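Enquirer: In my numbering, each residue carries its 1-based index in the sequence shown increased by 170. Glycine residues also receive a C-beta, built at the ideal position from the N, C-alpha and C atoms. Every value quoted in this text rests on a predicted model; they were computed, and no experiment measured them.
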Amino acid sequence: MEFSEQALVLKVGRFREIDAWVRLISPQRGVYTAFAFGGLKSRRRFLGCLDPLNHVNFKVRRTGHGGYHCLTEARLLDAPMRLRRDPGRLGMAVNCLKFFEAVQIGPQGAAEAYALLRDMLAALEEADAPSPLFPLLFRARMASLQGVFPVCGRCAVCGAPLGDGEAVCHVEAGRLTCSACRDENAPGVRQRLGAGALALLASGVAGDARAWAHCRPEAAAAREFSRVVDLLVRYHMGLAWERGGFVRA
Ligand SMILES: [Zn+2]
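1) Roughly how far, in whole angstroms, is the beta-carbon of V182 from the beta-carbon of A190, given that I think they are within contact range, below 8 angstroms?
2) For L371, which option in S349, R360, A313 has the closest C-alpha, if you only look at C-alpha atoms?
3) DSSP has S174 in a bridge; who is on the other side?
4) Does the beta-carbon of A350, which I'm using as the reference point, lie nearer than 7 angstroms to any heavy atom of ligand 1?
5) If you reduce the DSSP assignment to three classes, tell me which class A330 lands in.
6) Just how far apart, CA to CA, sit R140 and A292?
7) In this structure, how does DSSP classify Q361 when only helix, strand and coil are distinguished?
8) Taking C-alpha atoms, which residue in F228, S196, C219, I188 lies nearest to E172?
9) Which residues in the same chain as R360 place their Cβ atom closer than 8 angstroms to its Cβ, once the five residues preceding and following it in sequence are excluded?
10) Looking only at C-alpha atoms, which of L220, P300, M251, A249 sits nearest to G243?
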């Protein structure tokens, strides 16, 4: 069986002398690995395509019963330029990709995840000075796609709109309440969120990566937001950022 599809290159590795394996995500198939036989030698067939973060149209052959994917042709659609030259931007993109891989999206979430990764790369490529909070906003969006993020905008107990005042995130319960509905006696971790942090949370969940790149919050709001994302991701997804990678918490 042979098919042709657009995919984003996540990782490339070498095996044997001139062959490569390529980790890809496509909107139809999600994340999979394919082989590019002769990929490191046949410059003409895969010209400039086999690099991480490239957006490529691949022709793929699937061989045998339960067989493997084999790349037979590639055409480069676009590749980030600024992002590759700027360690700050690249670091943020790599952080987002590491989180994405740690989450392990199934085929059902593939189209959304693919669109999010493409938006993430485009926003980091285009913005003049991407906000340092960008990777955390990306994590908030991924977590909300996985259904493990609180509903933003209103109190989970009384339904009052949140936004102008302050709110409390109950981490284990995964919900936000207004400060009047906070239960002082309930066990568990709570994090206070002011209006600035609530706006960041809402922006993360909304998923507009270009808006993330431009956000310039006050330091206190950034701190509250960062802390609540770390706590929620750690508790509900079992992931924590340590020594340059995500580990099972
Ligand atoms: Zn309330």
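Expert: This is what the structure gives:
1) 6 angstroms
2) A313
3) K229
4) yes
5) coil
6) Missing from the structure shown is residue 140; the chain here goes from 171 to 419 and no further.
7) strand
8) F228
9) V338, C339, H340, V341, R352
10) Reading the sequence as shown, one finds Glu at residue 243 and not Gly. When each option's Cα is compared against that of E243, the closest is L220.
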